[in-house]
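In what follows, a structure is listed as structure tokens, so that the remarks can point back to it.
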Amino acid sequence: MMGIQIVNLADRMEYYETVCQWIWKQWGSDKPIENVKYAVLHNSQTDRVPMTFVALEGDEPVGTVSFWMNDLSCRQDLSPWLACLYVSEEHRGKGIPRELQHRVIEEAKKLGYNELYLITTHDDYYERSGWDFIERAPKSNGDFTKIYRKDLRI
């Protein structure tokens, strides 16, 4: 396997359409893809939150992650957030999600943040990467999601 390189989407917009498709299919297919494209375009800064990153194997995009001020509207008091972590199916099981997480963690530290949050419905995945479960939070559709926190001072 070639090494994985994590790049900022703002610097490599040739991967924009692929990232938008992944995010739309995974989380936003109940909305028009134009909503996702608009959000991704504006969530692609180089020197401040929000940022979007792409994992590349050679020149092939294999995953993405975002770094947002908020990913849960009912918890505006928590910030910033790791969001939209996605790896294409054929590239799963190679440790790419950890590399994507690491890039967001490094950016958060560089910008002076002491903690990072995320929401997920996965069980036991993020605990293995050093995240602490905080609580369950209600979603607008009546389901629940789980909030995790990572202390960046450790």
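Just so we're aligned, residue 1 is where the sequence shown starts under the UniProt record's numbering, counting upward by one. We put the beta carbon where it would ideally sit given N, CA and C, even for glycine. Nothing here was measured: the structure is a model prediction, and the numbers come from that model.
Rounded C-alpha distance that separates residue i from residue j
i	j	result
Pro50	Arg98	19 Å
Leu9	Gly142	33 Å
Met1	Arg103	At Met1 the pLDDT is 47, less than 50, meaning the model places this residue with poor confidence; the figure from the coordinates comes in the next sentence. Near 20 Å, if we compare the C-alpha coordinates of Arg103 and Met1.
Leu56	Ser129	21 Å
Cys20	Phe53	12 Å
Thr121	Asp11	31 Å
Helix, strand or coil at residue i according to DSSP, with G and I counted as helix
i	result
Gln76	coil
Asn70	coil
Met1	In this prediction, Met1 scores a pLDDT of 47, lower than 50, which makes its location untrustworthy; the coordinate-derived value is nonetheless stated afterwards. Residue state, collapsed to three classes: coil.
Thr64	strand
For residue j and residue i, believed in contact at Cβ under 8 Å, the rounded distance
i	j	result
Tyr117	Ile147	6 Å
Asn43	Trp68	7 Å
C-beta contact flag for residue i and residue j at 8 Å
i	j	result
Val36	Tyr16	no
residue 172	Asn114	Outside the shown range of the chain, which is 1 to 154, sits residue 172, and nothing can be said about it.
**OP:** May I ask you to verify whether the segment 55-65 touches the segment 73-86, counting CB pairs closer than 8 Å and requiring at least 3?
**Re:** Touching, yes, given that three or more Cβ pairs across the two stretches are closer than 8 Å.
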